Structure formats: structure tokens, C-alpha cells
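Here the structure comes first, spelled out in C-alpha cells, and everything after it is commentary.
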């Protein structure tokens with residue numbers, strides 16, 4: 021009995037050590053990523069300011085291409101040329117924004133979100149079916165209740181209006 025108890029205690033202590041190590045690593049990594057993303061997003065420089073201004077100017081220009089460019093440039097009379105120019109300007113603006121510190125922080129945020137999505141446990145087919153029916157029933161009950169309230173208030177207001 022003592023030998024079995026010793027084995028169980030040893031296994032329990034090993035499991036706690038492994039779990040503790042895993043938890044401390046996860047906390048350390050997520051705290052570093054959050055801190056890094058926040059620090060990166062908060063830092064600013066002249067380069068960031070210039071890139072933000074260029075991106076804003078290019079996006080404003082993309083909105084004006086359709087109206088003004090055909091009057092100044094003959095090939096822009098074709099709708100597909102204008103669409104291509106607008107798409108190119110929007111892509112250029114997004115590249116400018118991605119090169120800023122806030123763009124780098126956004127990329128870190130997207131990577132962290134992908135990691136979190138891998139940890140999500142999605143419901144199986146039976147759970148999805150069950151939850152869908154529960155939602156439909158609750159919506160029907162709430163809909164009937166709102167319909168009754170609407171009829172009551174119509175009747176109540178009709179008394180005063182005549």
C-alpha cells in the first residue's frame with residue numbers, strides 16, 4: 021500500500037511540476053507578446069508620422085481618381101484602368117501602414133489571434149444542432165412577447181387617441 025501511495029505521490033508531483041512549467045512558460049510568452057505589441061504600438065517616430073500622412077493622402081487620392089483623373093489622362097477613360105489605379109493606391113496605402121510601428125503591432129496581434137484560435141474547442145455536430153434549436157425557441161418566445169407588448173401599447177395608445 022505504501023509503495024502504491026509513493027508512486028501516486030511521485031506521479032502527482034511530476035504532473036504538478038510539468039503543469040507548473042507549462043503554465044509559467046505560457047504566461048511568460050503571452051505576457052511578453054502583449055507587452056511587446058503594446059510597446060511597439062505606443063512607440064512613434066517621424067517615419068511613422070510620414071507614412072501615416074502618405075497613406076492618408078494616397079487614400080484620399082484613390083477616392084478622387086474616378087472623378088478627376090479621366091479629365092487629365094486619356095487612358096483613364098477606361099473603367100478598368102481606373103479600377104486598377106484605385107486598387108494599386110489602396111494596396112500602396114496598406115503597405116505604408118504596415119511599415120509603421122502600429123502596423124507591426126497589428127501583425128503581432130494577428131499572430132497571437134491565430135495562436136488563440138488553435139486553442140478553441142469547437143462544438144461538434146450534435147452540440148451545434150442542440151444550440152441552434154435552443155436559439156430558435158428563445159427567439160420565438162421573445163418574438164411573441166414583443167408582439168404582445170406591441171399589441172398592448174397599440175391598444176393603450178388607441179384609447180387616448182380615439
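Numbering (our numbering), first residue to last: 21 to 182. Each residue gets a CB set at the ideal place from its N, CA and C atoms; glycine is no exception. Nothing here was measured: the structure is a model prediction, and the numbers come from that model.
Buried versus exposed, by CB contacts within 10 Å (16 or more), residue i
{"i": "residue 113", "result": "buried"}
{"i": "residue 116", "result": "buried"}
{"i": "residue 78", "result": "buried"}
{"i": "residue 130", "result": "exposed"}
{"i": "residue 168", "result": "exposed"}
{"i": "residue 71", "result": "buried"}
Sequence-distant residues of its chain with Cβ nearer than 6 Å to residue i (five each side left out)
{"i": "residue 76", "result": "none"}
Residue span of the alpha helix (DSSP H) that contains residue i, given as start and end
{"i": "residue 90", "result": "66–92"}
{"i": "residue 182", "result": "Residue 182 -> no alpha helix (DSSP H), and no H or E assigned at all."}
Own chain, CB closer than 8 Å to residue i, minus 5 neighbours either side, in chain order
{"i": "residue 85", "result": "96, 102, 105, 106, 109"}
{"i": "residue 68", "result": "120, 121, 122"}
Pair within 8 Å by beta-carbon distance, residue i and residue j
{"i": "residue 57", "j": "residue 125", "result": "yes"}
{"i": "residue 128", "j": "residue 60", "result": "yes"}
For the region 96–123, list the alpha helix (DSSP H) runs that are entirely contained and at least 4 residues long, ordered along the chain.
99–118
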